[in-house]
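Asker:
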Amino acid sequence: MTLPIRLLASLLLISALGAQAATAPQQAAVATAHPAATVAGLETLALGGNAFDAAVAISAALAVVEPYGSGLGGGGFFLLRQSGEQPTYRFLDARERAPLAAHPDLYRRDGQVQRELSLNGALAAAIPGLPAALVVLAERYGKLPLRDSLAPAIRLARDGVGIDRVYRERAEWRLQALQADAESARIFLEQGRIPAEFGLLRQADLVRTLERLARDGHAGFYGGETAQKLIAAVRAAGGIWSARDLAKYQVVERLPLRYPLADGRELISAPPPSAGGVALAQSLAMLQQLPWRKAGEIQRSHYVVEVLRRAYRDRGQLGDPDFVHNPLPQLLAPEYLQRLAKGIELQNATPSVSLPAAPSWREGDHTTHFNVLDRDGNAVAATLSINLPFGAAFTVPGTGILLNNEMDDFAADPQGSNTYGLSGSQANVVAAGKRPLSSMSPTFIESADELAAFGTPGGSRIPSMVLLAILDYLDERPVSEWPARPRYHHQYQPDVIEHEPNAFSASQISTLEMRGYQLKKLERRYGNQQVLLWHKTDGKVEAASDPRGIGQAQLWE
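Numbering-wise, the sequence shown is residues -21 to -1, 1 to 536 according to mature numbering (1 follows the signal peptide of the UniProt record, and there is no 0).
1) Assuming contact is defined by CB atoms lying nearer than 7 Å, are Thr347 and Glu45 in contact in what I supplied?
2) Tell me which residues share the same chain as Lys208 and place their Cβ nearer than 8 Å to its Cβ, disregarding the 5 neighbours each side in the sequence.
3) Along the chain, where does the alpha helix (DSSP H) that runs through Arg194 open and close?
4) How about Ala136 and Val230: do their beta carbons lie closer than 7 Å?
5) In three-state terms, what does DSSP make of Leu(-10)?
6) Look up Trp152 in the DSSP assignment and say whether it is helix, strand or coil.
7) For Lys227, which three-state DSSP category applies?
8) What residues in its chain sit with their C-beta under 6 Å from that of Ala431, if we drop five residues either side in the sequence?
9) Between the Cα of Gly199 and the Cα atoms of Leu116, Ile210, Ala111 and Tyr238, which residue gives the shortest distance?
10) Would you kindly work out how many angstroms separate the C-alpha atoms of Ile247 and Gly171, rounded to a whole number?
11) Whole alpha helix (DSSP H) runs in the region 280 to 315 with 4 or more residues, listed along the chain?
12) Counting C-beta neighbours from all protein chains within 10 Å, is the total for Gln309 16 or more, i.e. buried, or is it exposed?
13) Please classify Lys273 as buried or exposed, where buried requires at least 16 other C-beta atoms within 10 Å of its C-beta.
14) Between Pro250 and Ala358, what straight-line distance do the alpha-carbon atoms span, to the nearest angstrom?
15) Which one of Leu240, Tyr201, Asp242 and Val213 has the shortest CA to CA distance from Lys227?
16) Check whether the Cβ atoms of Ala106 and Val186 sit closer than 7 Å, and answer yes or no.
17) Name, in chain order, the residues that DSSP records as bridge partners for Ile476.
18) On the criterion of 16 or more Cβ atoms from any shown chain inside 10 Å, does Ala448 qualify as buried, or is it exposed?
19) Let me know the alpha helix (DSSP H) ranges lying completely inside the region 2 to 54, each 4 residues or longer, listed in chain order.
20) Using DSSP bridges, identify the partner residues of Phe433.
21) Going by C-alpha distance, which of Pro462, Thr329 and Lys122 is nearest Ala12?
22) So, with DSSP's three-state summary, where would you put Pro131?
23) Look at Glu536 and Arg504 and say whether their C-beta atoms are less than 7 Å apart.
24) Are there three or more Cβ pairs, one per stretch, closer than 8 Å when the region 437 to 447 is compared with the region 255 to 265?
25) At which residues does the alpha helix (DSSP H) containing Thr205 begin and terminate?
26) Asp451 lies in the beta strand (DSSP E); which residues open and close that run?
27) Would you mind giving the Cβ-Cβ distance between residue 547 and Ala216, rounded to the nearest angstrom? I have them listed as a contact below 8 Å.
28) If I follow the unbroken alpha helix (DSSP H) through Phe349, where does it start and stop?
29) For the candidate residues Arg237, Arg149, Glu95 and Glu477, whose alpha-carbon lies nearest to that of Ser49?
30) Go to Ala258, then tell me how far its alpha helix (DSSP H) extends in each direction, as first and last residue.
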């Protein structure tokens, strides 16, 4: 009997990974988007915790210090690596769920979708998943009691954290929405204005919420006093949450998306309801059919844009696997991806309208990401979100919990688009208890010799950012360059290359335009990638944080 090519490749990879014993990491490593969260992770490792305990500490700390990017009122994806003779991988889907009273016409009024309803206020909020994930990480994978791992976050909320330039920038973006909610304005603004830099953000109500979670675990958030306050506030503000919504929320353990690459490497990434892992697998598989390594800078950009165009085109077929069929075998079939790669012209752009039609999609934006590796080789890559900066800008009085606006990640109007120009799709329509499609792409690439971890915030641009970092890794560039490189992005529709101000020179832009591309220079740089690399041959560990942010990557003996 002849084994299928992908199965044979996977078996060979497993054999290669077990062929030689890896040297344990010489140091643990933590890379997060905020120095205080990095310290929380290192402190937890020093206390005797493993990478999973550190992930709890980091996630909770980020909820305190980055209220614009994640929080107890949000959710996320956790990609886990458990060390052993044969490492095992887990994917924790802590994505928010639509309330059970949700329906496809939830945001339609007089026949028209009212976008504001899915962006600001209580009706925009899905049921949070992050608190449940912290409990699962601690109870199933960690070594420390949950209260120990939450201690750094409780301290940060009680004693205060400094207001930095990123906080002030994000608050400026959402100022009107924050001003419109009395509780959000009280906590996150200063007399209705952006707080002064270096001032202190103290969150006494959040301290008590975290303490209930630390004491009572899952029931400390999804039941009891916290749940009562959440439901009362949401319903009083026009939302549709119920006690049953909170009681029924559970983290879902899914199999990570795994795809064999060249040179004995394997991509291990996020499965649906993330579309990011699929886009990465498709993009890398197509690039393997093209001479991207030998190409000059512009030719390489041409190849990257064209594979992204095709990968993003397929995205509309994906959704919550508990509700819709995701045709992953078809989308990842070697013959299909070879056919897509052969359709890429050497010099000319492929107009998106010329590609066969595919369902379209929609998605949300602001997130945070971290990576952690302990000295036993356990690792976590996690991407967390509340969608827009400061989420729905609705804070539940007496809890300090800022709610997400992840309901905008659904296709409120399957024929329209969301805030970021991303179209809707039938696979991602609003439904009771459903999880919205996401771009969040926590990712490992592993071989017998190395483990690399990647991830970033950035909404629809997440897969393209991670792809560019992975190509730098495959090119054996220094780790510090992976998150620092200038970025560009294409997402099928709109048919335009978005790029950072320093991504292309004037002559390069002219060359791309001659090839048929339309380019759009963004006003500011984007993303906040965190990466790490473990060299298994000698145990050396490296990590880096994106220079665009204020994050910190640090090693610990």
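The beta carbon of each residue, even a glycine, is placed where N, CA and C say it ideally should be. Since we're looking at a predicted model, the values are computed, not measured.
Answerer: In terms of the structure at hand:
1) yes
2) Val375, Pro376, Gly377 and Thr378
3) Ala183 to Asp195
4) no
5) At Leu(-10), the pLDDT of 43 sits below 50, so the modelled position is not reliable and the matter cannot be decided from this model.
6) helix
7) helix
8) Ile424, Tyr452 and Leu512
9) Ala111
10) 45 Å
11) 307 to 310
12) exposed
13) exposed
14) 18 Å
15) Tyr201
16) Looking at the sequence shown, residue 106 is not Ala but Ile. Cβ atoms of Ile106 and Val186: not closer than 7 Å.
17) Leu498
18) buried
19) 14 to 25 and 30 to 44
20) Thr422
21) Pro462
22) helix
23) no
24) yes
25) Gly203 to Ala215
26) No beta strand (DSSP E) contains Asp451, which is instead part of the alpha helix (DSSP H) from Ile441 to Leu453.
27) Outside the shown range of the chain (-21 to 536) lies residue 547, about which nothing can therefore be said.
28) Here Phe349 belongs to no alpha helix (DSSP H); instead the beta strand (DSSP E) covers Thr346 to Leu352.
29) Arg149
30) Gly255 to Leu266
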